[in-house]
Structure formats: C-alpha cells, structure tokens
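What follows is a single structure, written as structure tokens, with notes after it.
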Amino acid sequence: MDKIDELYARESIRDLINRYCIEADRGRLDAVQNLFADNGVYVFSGREYTGRQGIVELFTESGRRVQAAGLKARAWHNVTSSAVDVTGDTATARTYVVVLVAGAADHWGYYDDEFRCVDGRWFIARREFKLQGFVPGGIGEVLK
12 MDKIDELYAR ESIRDLINRY CIEADRGRLD AVQNLFADNG VYVFSGREYT GRQGIVELFT
72 ESGRRVQAAG LKARAWHNVT SSAVDVTGDT ATARTYVVVL VAGAADHWGY YDDEFRCVDG
132 RWFIARREFK LQGFVPGGIG EVLK
C-alpha cells in the first residue's frame, strides 16, 4: 500500500467513525446499519449483535431501556483521540468517546474497532464499546 492509499484509507476510516456518531445521534438507524459490513458485529454491554439487523436491534433495545428508566434518549457522541492502523484492506482503531446528555457528560469509554474495505469502501467489521465511567442515574448507568 503506497502512502496516498494509506492516507485515503485513514481518512475514510476517520470519516466512518465520525459518521457513526452523527447518524446515531440523529436516530438514523438505516444510515448507522449501513456503516457496518453485512456480517458486522457490535459488542455492547457484553452482548454481541451480529449483522445489520442485529445493529438495529441493539439501538432499538437500548432506546426501550432508556425510556423504561424515564430518561430522554437524546445524546451527543463526541469522539476525541483516535489511533488508526491500516494493513491493506483491513484496519483497526481505538477511539475515545464522551457522550453528552442535556449538555453534560453522561458516560464515556472507547471503541475498539476492526474495519474492512470492500470494493473500495470501508465498513465497520467489528466494534466493541468499552464503558469506562458514567454519571449515576444517567443513560450510561442504564445501558451498562
């Protein structure tokens, strides 16, 4: 892989990481699921969700849990530091994230991601969110 291809891959992956947060915050599950590979995996709160329909199930289930707790589900995912390693048509990344709710930090952690390039387009092949902390009584505590 030459330097230009590597830079293109890194930028495509960073865009994918950011796009996930923006689309998730907007509640656009159709857009979120299409960021994942067909057989993509999301590990969240120790449970594995597989395939695009599994990703939708994760968000739907999480929304129900938040509503059942009497909380508002409006969140703003803010990614901070991200380290991306590219090897041909695959890549990995660790990205730190702070989730704001009602203008304040609610929970925080990091994504450990694996990416795959298919026909020139990058997808999330596997994502695991690792919760590192939360504000008591907030969304992070409900979803832990």
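Oh and the sequence shown: position 139 is 150 in my numbering, straight run, nothing missing. C-beta atoms are modelled at their ideal positions from N, C-alpha and C, and glycine is treated no differently.
Query: Among 27, 60 and 83, whose alpha-carbon lies nearest the alpha-carbon of residue 113?; Result: 83
Query: Pull the bridge partners of residue 89 from the DSSP assignment, please.; Result: 109
Query: Which two residues bound the contiguous beta strand (DSSP E) that contains residue 141?; Result: 132 to 145
Query: With a threshold of 6 Å on Cβ separation, who are the neighbours of residue 110 within its own chain once the five nearest residues in sequence on each side are excluded?; Result: 86, 88, 117 and 118
Query: Starting from residue 120, follow the alpha helix (DSSP H) in both directions and report where the run begins and ends.; Result: Careful: residue 120 lies outside any alpha helix (DSSP H), inside the beta strand (DSSP E) at 115 to 129.
Query: Are the CB atoms of residue 101 and residue 93 within a distance shorter than 7 Å?; Result: no
Query: So residue 104 packs on residue 48, CB below 8 Å; how close in whole Å?; Result: With 8 Å as the limit, residue 104 and residue 48 do not qualify as a contact, their Cβ atoms being about 15 Å apart.
Query: How would you label residue 24, buried or exposed, when you count the other beta carbons within 10 angstroms and need 16 or more for buried?; Result: buried
Query: Taking only the alpha-carbon atoms, compute the straight-line gap between residue 145 and residue 59 and give it to the nearest angstrom.; Result: 21 Å
Query: To the nearest angstrom, how far is it from the Cα of residue 75 to the Cα of residue 46?; Result: 23 Å
Query: Of all the options 126, 31, 66 and 54, which has the alpha carbon lying nearest to the alpha carbon of residue 99?; Result: 126
Query: Among residues of its own chain, excluding the 5 on either side of residue 68, which ones have a beta-carbon nearer than 8 Å to its beta-carbon?; Result: 60
Query: So is residue 27 buried or exposed if we call it buried at 16+ other beta carbons inside 10 Å?; Result: buried
Query: Using the Cα positions of residue 148 and residue 63, report the straight-line distance between them to the nearest angstrom.; Result: 30 Å
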